[in-house]
Amino acid sequence: MPAKTCRMPDSATTEDALLGGRIRLRQPAQGYRAAIDPVLLAAAVPVRPGERVIEAGCGVGAAALCLLARVGQASVLGVEIQPSLAALARENAVLNGVADRFSALEGDIAGLGLEPAAHVMMNPPFLPAGRGTPPPDASKAAAHLEGEADLALWVGFAARHLAHRGSLTVIHRADRLGDLLAALARHRLGSPVVLPLWPGKGKPAKRVLVQTRKGGRAPLILLAGLTLHAPEAGFTAEADAILRDAAPLPLA
Numbered sequence: 001m002p003a004k005t006c007r008m009p010d011s012a013t014t015e016d017a018l019l020g021g022r023i024r025l026r027q028p029a030q031g032y033r034a035a036i037d038p039v040l041l042a043a044a045v046p047v048r049p050g051e052r053v054i055e056a057g058c059g060v061g062a063a064a065l066c067l068l069a070r071v072g073q074a075s076v077l078g079v080e081i082q083p084s085l086a087a088l089a090r091e092n093a094v095l096n097g098v099a100d101r102f103s104a105l106e107g108d109i110a111g112l113g114l115e116p117a118a119h120v121m122m123n124p125p126f127l128p129a130g131r132g133t134p135p136p137d138a139s140k141a142a143a144h145l146e147g148e149a150d151l152a153l154w155v156g157f158a159a160r161h162l163a164h165r166g167s168l169t170v171i172h173r174a175d176r177l178g179d180l181l182a183a184l185a186r187h188r189l190g191s192p193v194v195l196p197l198w199p200g201k202g203k204p205a206k207r208v209l210v211q212t213r214k215g216g217r218a219p220l221i222l223l224a225g226l227t228l229h230a231p232e233a234g235f236t237a238e239a240d241a242i243l244r245d246a247a248p249l250p251l252a
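Numbering (the UniProt record's numbering), first residue to last: 1 to 252.
Right, dumping it as structure tokens:
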């Protein structure tokens, strides 16, 4: 969860805190900025010590850093198409002392071939091309709107780079759950588990976490969901444990 923001001397970036100050995150002052989505994503990945994770579209490394703060001896390879964000991800790895466990590769997921991993995680662009008005900031637009790489291509990348029985964990808009489930089925990623993320009690979900397995055959499981905000203000105790204290968010 982002905390106090400190603007860096060059004014192009800020330094923020995640997980109650466990993570220091340098990110652009303007454009796409990490909030709670990457923290929730990282908490849901069922990684164990010694396992390797690939993150498609790692941005400045927020999810990867949160995952590594929770699970010692795991490693993450991030893939990021925007050079400036990939450079910040590498800087953040050094800043947080995990450069030996987190590397950020600049590249396009459409053309990459990597060694399969035990897990893939991703927070892909939320809107299909042509839907909505692109943000004026080019970096933010690339993070929010699909380009040539649509959702099916993102899922295909995961399918190619997962070991057998490996897990894919995705955070996405709730109104695109149908598109996501269809893409997962097309690429034979089965045993889907869906966790709605409720903004508050009685409010419709805006986000969902979805986890699936390569080679899985079990029917879909719809979990009860996680309520993020308490009625009185702030986060619920369950959400706060994840966002501040690095608690896991198991989907199985």
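All residues carry an ideal CB built from backbone N, CA and C; glycine is no exception.
Per-residue DSSP class, three states only, for residue i
| i | result |
| --- | --- |
| Leu-223 | coil |
| Phe-126 | coil |
| Ala-56 | strand |
| Glu-238 | helix |
| Gly-78 | strand |
| Gly-107 | coil |
| Asp-150 | coil |
| Gly-166 | strand |
| Val-155 | helix |
| Asp-245 | helix |
| Ala-118 | strand |
Same chain, Cβ closer than 6 angstroms to residue i, neighbours up to 5 away in sequence not counted
| i | result |
| --- | --- |
| Leu-249 | Ala-43, Ala-44, Ile-242 |
| Pro-196 | Ala-205, Val-208, Gly-225 |
Extent of the continuous alpha helix (DSSP H) to which residue i belongs
| i | result |
| --- | --- |
| Asp-37 | 37–44 |
| Pro-83 | 83–95 |
| Val-47 | Careful: Val-47 lies outside any alpha helix (DSSP H) and carries neither H nor E. |
| Arg-70 | 62–70 |
CB-CB length for residue i against residue j, believed under 8 angstroms
| i | j | result |
| --- | --- | --- |
| Ala-205 | Val-120 | Contact flag wrong, Cβ pair sits at about 23 angstroms. |
| Val-208 | His-172 | 6 angstroms |
Residue range of the unbroken beta strand (DSSP E) whose run includes residue i
| i | result |
| --- | --- |
| Arg-176 | Per DSSP, Arg-176 belongs to no beta strand (DSSP E) and is neither H nor E. |
| Gly-190 | 189–198 |
| Lys-214 | 207–214 |
| Arg-217 | Careful: Arg-217 lies outside any beta strand (DSSP E) and carries neither H nor E. |
| Asp-16 | 13–18 |
| Leu-24 | Checking the displayed sequence, the identity of residue 24 turns out to be Arg instead of Leu. Per DSSP, Arg-24 belongs to the beta strand (DSSP E) from 23–28. |
Proximal residues to residue i (C-beta, below 7 angstroms), its chain only, five neighbours per side dropped
| i | result |
| --- | --- |
| Gln-27 | Thr-13, Thr-14, Asp-16, Arg-33, Ala-34, Val-60, Leu-88 |
| Leu-222 | Val-194 |
| Val-94 | none |
| Phe-235 | Leu-228, His-229, Leu-243 |
| Arg-22 | Ala-69, Ala-246 |
| Cys-58 | Ala-64, Gly-78, Val-79, Glu-80, Ala-89, Ala-104 |
| Glu-106 | Glu-80, Pro-83, Ala-86 |
| Lys-201 | Thr-227, Pro-231 |
| Ser-191 | Thr-212, Arg-213, Gly-216, Arg-217, Ala-218 |
Neighbourhood of residue i by C-beta distance below 8 angstroms, restricted to the same chain and skipping five residues each side
| i | result |
| --- | --- |
| Val-47 | Val-53, Leu-67, Val-71, Ala-74, Ala-118, His-119 |
| Val-98 | Leu-65, Leu-68 |
### Query
Are three or more beta carbon pairs between the segment 159–172 and the segment 211–218 nearer than 8 angstroms?
yes
### Query
Are three or more beta carbon pairs between the segment 33–42 and the segment 81–98 nearer than 8 angstroms?
no
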